[in-house]
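These notes concern the structure reproduced below.
Residue numbers (UniProt numbering): 1 to 654.
Here's what the structure looks like:
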């Protein structure tokens with residue numbers, strides 16, 4: 001980095017600096033990036049730790065221990081060669097092997113243990129293969145852990161999914177509401193011509209389907225409406241036959257925050273649309289067969305009798321019903337003509353379809369974020385951000401917004417949700433008259449607290465205990481790990497950390513490294529974050545009109561990890577008076593000094609600055625015209641970046 005960076009010696013006259021950062025803590029470092037474009041200059045912001053939006057894979061189930069233990073009876077047995085042999089082995093301790101019991105306290109199959117000695121030969125007149133003899137042990141289920149049950153809570157309340165079958169829903173007190181939801185879903189499928197009824201083919205893979213029931217919630221947690229989704233069982237698909245490519249992008253959370261900052265700075269009015277049955281619009285290039293959906297004939301009859309059904313839908317439903325009534329069950333299947341929820345390629349096909357239509361409307365796709373589109377008309381800018389089936393439109397020109405909104409609704413079946421207020425579990429408060437936009441996740445936090453039994457916990461002022469040092473246990477203790485839903489909690493906190501709460505970013509990133517091996521101490525440290533969120537649930541990010549350019553902060557914590565002595569890098573960038581992007585992450589290499597750790601943190605912040613400058617330049621709003629200021633509190637790292645000098649302490653840094 002030092003070869004391509006030129007630093008200014010004095011910053012007292014720098015117009016980008018102000019009193020936000022005390023001079024005794026930070027020495028501003030302006031950076032000049034080459035090659036040679038005037039606008040490719042960067043001057044570097046950060047004092048506190050932050051976190052990039054990433055999330056480690058999580059696995060809630062531990063591998064079961066072997067059910068069989070080999071012993072040999074008729075030959076001398078050496079206990080030193082068979083570590084599994086013990087006289088007490090015939091009475092297994094459930095605490096030592098927690099996976100032998102079912103979590104729901106249901107009876108499980110008996111565990112079999114091979115009898116000691118070589119299997120005996122059965123004398124039946126001819127020499128045959130030895131028969132293995134086993135002794136069986138019946139494992140008694142343990143009393144359910146009521147504490148764990150209270151901690152895990154009711155997942156249905158958290159995610160809004162009703163764990164009901166169609167039979168249960170149709171016999172419940174809300175049967176009519178559920179029937180209407182299923183009827184609406186099947187009507188959309190028929191109207192969209194998602195599949196047609198054909199004879200069952202031979203030697204073809206036929207996947208199943210199911211109807212998923214869900215209650216869609218408002219920002220305040222109340223039920224907005226009941227939804228039903230026909231979902232294909234995509235796990236039965238065969239690669240190369242039923243699907244090929246599956247990747248589909250979504251808008252980055254940092255892009256959403258940047259758009260919010262730009263909306264405040266440039267008076268953009270933001271509107272929200274929701275695509276109805278978005279995945280049904282995608283085109284398929286593969287021939288995919290699916291079983292007839294549950295209760296399909298019954299719902300078809302209701303669609304035909306409903307006076308509010310569209311004439312074309314009634315006509316197609318009538319034809320389908322007659323076809324199914326003339327044949328025996330199992331003779332007919334569905335041939336998918338368009339994408340369906342649950343297919344492995346469903347998200348990709350919908351994105352390609354939407355992208356094709358958006359580009360026809362005159363938008364340009366952002367190079368920095370493929371799910372952000374923009375268009376310029378004179379001095380006005382129109383921005384479109386897409387997260388699967390959620391669309392956000394923003395512009396200074398209200399007539400342009402109305403025009404584009406009408407075209408999109410005409411192209412795809414959409415619902416106009418008004419000015420942006422709630423989406424992706426985030427509450428938006430837009431007040432352009434006061435020049436403010438707020439992003440918060442109060443409802444999401446309350447749901448997480450309820451899910452893990454912490455809604456009545458006592459608030460605490462910090463997410464992490466000062467000086468706390470946790471290490472990975474040397475041995476994997478499955479008994480302890482099975483008691484606590486640690487991975488689920490970290491996953492829930494991670495979404496907060498990458499969305500609206502940079503104040504917990506470092507703590508959550510630090511705790512996530514113990515996902516595969518943790519103890520009660522780690523669980524208590526994670527619960528402390530919940531107590532902190534309990535007292536700060538209303539807090540979020542507030543963007544205000546400051547007219548200040550983009551700036552960043554970078555910092556490092558040298559040799560913080562007690563296990564491998566790697567350092568942590570942290571940075572964040574602010575625009576519109578609030579953070580738009582941040583990261584707190586362990587460095588990929590071991591830094592040999594604090595100067596090296598800080599220098600590496602500056603490098604990570606500089607990469608982020610390049611991306612943000614390019615994004616702002618594309619959108620044409622708050623376009624950087626000068627170098628981007630990045631603040632750092634280590635003079636050694638600053639001098640190293642200014643002077644390309646290699647000596648014994650830094651010659652290994654490229």
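Glycine is no exception: its CB is placed at the ideal position from the N, C-alpha and C atoms.
Can you tell me whether residue i is buried or exposed? The criterion is at least 16 other CB atoms within 10 Å of its CB, across all chains shown.
| i | result |
| --- | --- |
| residue 351 | buried |
| residue 451 | buried |
| residue 418 | exposed |
| residue 222 | exposed |
| residue 459 | exposed |
| residue 242 | buried |
| residue 640 | buried |
| residue 394 | buried |
| residue 194 | buried |
| residue 398 | exposed |
| residue 239 | exposed |
| residue 406 | exposed |
| residue 353 | buried |
| residue 552 | buried |
Looking at residue i: is its Cβ nearer than 8 Å to the Cβ of residue j?
| i | j | result |
| --- | --- | --- |
| residue 211 | residue 267 | no |
| residue 333 | residue 291 | yes |
| residue 234 | residue 342 | yes |
| residue 514 | residue 470 | yes |
| residue 185 | residue 229 | yes |
| residue 541 | residue 500 | yes |
| residue 509 | residue 591 | no |
| residue 255 | residue 372 | yes |
| residue 390 | residue 336 | no |
| residue 571 | residue 558 | no |
| residue 564 | residue 519 | no |
| residue 537 | residue 446 | yes |
| residue 206 | residue 232 | no |
| residue 544 | residue 576 | yes |
| residue 455 | residue 442 | no |
| residue 440 | residue 539 | yes |
Excluding sequence positions up to five away, which residues of its chain have a Cβ less than 6 Å from the Cβ of residue i?
| i | result |
| --- | --- |
| residue 257 | 580 |
| residue 362 | 375 |
| residue 660 | In the structure as shown, the chain starts at 1 and stops at 654, and residue 660 therefore has no counterpart that could be examined. |
| residue 623 | 616, 617 |
| residue 197 | 320, 323, 332 |
Look at the alpha carbon of residue i and the alpha carbon of residue j, and state the distance between them as a whole number of angstroms.
| i | j | result |
| --- | --- | --- |
| residue 174 | residue 225 | 12 Å |
| residue 85 | residue 472 | Low per-residue confidence applies at residue 85: pLDDT is 34, beneath 50, and the placement is therefore not dependable, though the value from the model is reported in the following sentence. Cα to Cα, residue 85 sits roughly 29 Å from residue 472. |
| residue 637 | residue 554 | 11 Å |
| residue 251 | residue 626 | 27 Å |
| residue 620 | residue 381 | 8 Å |
| residue 434 | residue 244 | 50 Å |
| residue 338 | residue 379 | 40 Å |
| residue 320 | residue 307 | 18 Å |
| residue 330 | residue 408 | 40 Å |
| residue 653 | residue 574 | 29 Å |
| residue 484 | residue 165 | 29 Å |
| residue 386 | residue 392 | 7 Å |
| residue 253 | residue 497 | 11 Å |
| residue 296 | residue 213 | 15 Å |
| residue 181 | residue 168 | 14 Å |
| residue 607 | residue 502 | 19 Å |
| residue 260 | residue 420 | 10 Å |
| residue 429 | residue 522 | 36 Å |
| residue 560 | residue 605 | 19 Å |
| residue 10 | residue 630 | Per-residue confidence for residue 10 stands at a pLDDT of 35, beneath the threshold of 50, marking its modelled position as unreliable; the derived number appears in the next sentence. The straight-line gap from Cα to Cα measures roughly 14 Å. |
In chain order, what residues of the same chain lie with their CB nearer than 7 Å to the CB of residue i, ignoring the 5 residues before and after it?
| i | result |
| --- | --- |
| residue 634 | 594, 595, 598 |
| residue 316 | 190 |
| residue 432 | 267, 269 |
| residue 364 | 373, 374, 375 |
| residue 412 | 275, 281 |
| residue 668 | This structure leaves residue 668 out entirely; the chain is present only between 1 and 654. |
| residue 344 | 234, 237, 243, 246 |
| residue 457 | 530, 531, 534 |
| residue 301 | 321 |
Quick check on residue i - is its C-beta less than 8 Å from some C-beta in chain B?
| i | result |
| --- | --- |
| residue 357 | Any reference to chain B falls outside this structure, which holds one protein chain only. |
Suppose the cutoff is 8 Å on Cβ atoms and the five residues either side in sequence are ignored; what does the same chain contact list for residue i look like?
| i | result |
| --- | --- |
| residue 475 | none |
| residue 526 | 486, 489, 490, 493, 511 |
Please tell me whether, using a cut-off of 7 Å, the distance from the CB of residue i to the nearest non-hydrogen atom of the ligand FAD is below it.
| i | result |
| --- | --- |
| residue 230 | This structure simply doesn't include the ligand FAD, nor any ligand for that matter. |
Practice task
Decide if the segment 349-369 is in contact with the segment 601-617; the criterion is three or more beta carbon pairs, one per stretch, under 8 Å apart.
Solution key: yes
Exercise for the section: Mind the definition here: the segment 273-284 touches the segment 321-329 only if three or more C-beta pairs lie below 8 Å; say whether that holds. Expected result: no
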